[in-house]
Structures are given as C-alpha cells and as structure tokens.
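Each residue of the sequence shown is one higher than the one before, counting from 1 in the UniProt record's numbering.
Think of the CB as a built atom: it goes at the ideal place given N, C-alpha and C, for glycine as much as any other residue.
Working notes for the structure below.
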Amino acid sequence: MVTETKVELVWNPINQPQDGFVADKGSRSIFSGAFGAGKTIALCAKGLKLSLDYPKNYGLICRKVRATLGQTTLKTFLELVCPRELIANYNKSEGLITLTNGSQILFGGLDDPLKLGSMGAGGIGFVAIDEAI
Numbered sequence: 001m002v003t004e005t006k007v008e009l010v011w012n013p014i015n016q017p018q019d020g021f022v023a024d025k026g027s028r029s030i031f032s033g034a035f036g037a038g039k040t041i042a043l044c045a046k047g048l049k050l051s052l053d054y055p056k057n058y059g060l061i062c063r064k065v066r067a068t069l070g071q072t073t074l075k076t077f078l079e080l081v082c083p084r085e086l087i088a089n090y091n092k093s094e095g096l097i098t099l100t101n102g103s104q105i106l107f108g109g110l111d112d113p114l115k116l117g118s119m120g121a122g123g124i125g126f127v128a129i130d131e132a133i
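Written as structure tokens, this is what we have:
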C-alpha cells in the first residue's frame, strides 16, 4: 500500500557541485571529487530524490564491496539523508529499503556480478555507484 507522507528532508547541500548533482535531471550524472567533497551523501540524496519523485521506483545503490556498505553508504543514507518516517520496511539481510510511497532501494556490492546480473534491466529506475574503484 502506498502512503503519502509529508516530512522535512534532513539533507542540505554543502556546496554548489553537490547541489547541482542532486538536482540534475539528465539520464547520466557523475559527481567526483577529493576526500570529504560529500560524494556519498550527495549520491544517497539523489537516490532518495529519485525514489520520492517517482513512486514505486526501484533503485540500486552499490559499492565495490558489499561488506563495506553497512558502515559507509547505507549508514549515510539511514542516518543523514532519509528520515525514518519515509521508511515503510527495511530488510537488513537483503539490504532492501521500501519507502512509504512504494519505491524500493536495494543496497548491494559490485563484488557479486551474478546477483546483479540476475536482476535484469527491466524495472530498474536508477543505479548509483559509490566508491567503485
């Protein structure tokens, strides 16, 4: 069931490149920079924005190694970007967050290409890669 939830988003851009990346409506976006430039938080904010703008969207946010997600990208998403009121369900073992508007975000690693390949291309609204190298 899709629920309309009104909350104030907690993330605010710290610089213009971050703001531009999150606001960009192009089909492909890249945000690179030095350590501390805010790449991870901007990536999480963009994933949340796409998930809120397009109800029932399905997105993938991944990192080079899945084992590092919990203390990095996923932690940033849960603690600094996504208000708890927007999360309808969080399946920790699968790394799948379902939002109140029906959108889902899967957090995974690039270290399991068979799992990623089995998802297929149909139905995926966005893919975001954090620390791919």
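task: Would you mind reading off the limits of the beta strand (DSSP E) that contains L96?
output: The residue labelled residue 96 in the question sits at position 96 within the sequence shown. 96-99 is the extent of the beta strand (DSSP E) around L96.
- prompt: Buried or exposed: which applies to I133, given that a residue is buried once 16 or more other Cβ atoms fall within 10 Å of its Cβ?
  reply: Your numbering for residue 133 matches position 133 in the sequence shown. Exposed, because fewer than 16 other Cβ atoms sit within 10 Å of the Cβ of I133.
First and last residue of the uninterrupted alpha helix (DSSP H) at A132: Position 132 of the sequence shown, counted from the first residue, corresponds to residue 132. A132 -> no alpha helix (DSSP H), and no H or E assigned at all.
field: Euclidean distance between Cα positions of K75 and L69
entry: Start at 1 with the first residue of the sequence shown, and residue 75 comes out as number 75. Start at 1 with the first residue of the sequence shown, and residue 69 comes out as number 69. Rounded to the nearest angstrom, the two C-alpha atoms are 8 Å apart.
field: Strand pairing of Y58, partner residues [DSSP]
entry: As a first step, residue 58 must be located in the sequence shown, where it is residue number 58. DSSP, once it has assigned bridges, lists Q104 as partnering Y58.
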